Amino acid sequence: MASPQYKFFATTAALLLVLLLAPSARPQDEAKKNLDEKAKQRWLKREAANALYRFKLRLSKEGFYSGRVALNVWRSTAIDAGTFDQAQYDNYKAQLYEKSIEDSLKCFEEFIEENFFYDANICLQTWRMHSKELGTYDQEQYEGFKKKLTEARTANASKPKDAEKSQD
């Protein structure tokens, strides 16, 4: 049997050992936490880069609304990653609106040629809203487009119906 002094010594030694080792275990947890934080930050930056790539792809190949969604996704992920640049965002937003303005004018012209006047008017209104957003709106130019649309409607209404059927 062990003497009470031995038990006291063993208990004290064990307690001191635990007290000495406990603080050394904590930095390992913090080191792991730092590694996890670094990995998370790398992942967020990678996601922001991927979102920017997807935005640029949508800007070149798709329409305004999918581009706008991709731009907002990039903005959100870049803010989370800490890499957001407001000037860059404004530049991309301007590019998106410029492309939309160009597409709306093409759409307007094509629908007038096809005698789809309702759709041409929607394209014209889209052009108007987006050019106002960019600050490039010109009331005289808008009035010219409206006049062109009205003239095309009038010309189409005065066409004899038989002429339309013979073209088909």
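So the sequence shown is numbered by the numbering used here: it starts at -7 and just counts up by one.
All residues carry an ideal CB built from backbone N, CA and C; glycine is no exception.
Keep in mind the model is a prediction, meaning the values are calculated, not measured.
Could you pull the start and end residues of the alpha helix (DSSP H) that residue i belongs to?
i	result
Asp82	Gln78 to Glu105
Glu54	Element bounds for Glu54: n/a, residue is neither H nor E.
Ser(-5)	Run containing Ser(-5): none; DSSP gives neither H nor E here.
Asp111	Phe109 to Leu126
Tyr129	Run containing Tyr129: none; DSSP gives neither H nor E here.
Return the Cβ separation of residue i and residue j in integer angstroms, given the expectation that the two are a contact with Cβ distance under 8 Å.
i	j	result
Phe47	Tyr84	7 Å
Glu90	Leu126	7 Å
Ala73	Leu49	Ala73 to Leu49, Cβ: 19 Å. No contact.
Arg60	Leu97	19 Å between Cβ atoms; not a contact.
Ala144	Phe108	Not confirmed; about 10 Å, so no contact.
Thinking just about the alpha-carbon of each residue, which of the options is nearest to the one in residue i?
i	options	result
Phe137	Arg120, Ala147, Ala149 and Ala41	Arg120
Leu116	Ser150, Gly127, Ile93 and Glu54	Ile93
Leu141	His122, Glu106 and Pro152	Glu106
Asp95	His122, Asp82, Ala147 and Ile71	His122
Asn113	Ala6, Tyr134, Ala31 and Lys25	Tyr134
Thr128	Ala6, Ser58, Ala86 and Lys139	Ala86
Within the chosen definition, does the region 67 to 86 reach the region 94 to 104 through at least 3 CB pairs nearer than 8 Å?
No, the region 67 to 86 is not in contact with the region 94 to 104.
At least 3 beta-carbon pairs within less than 8 Å: the region 27 to 44 vs the region 60 to 71
As far as the Cβ criterion goes, the region 27 to 44 touches the region 60 to 71, which means the pair count is three or higher.
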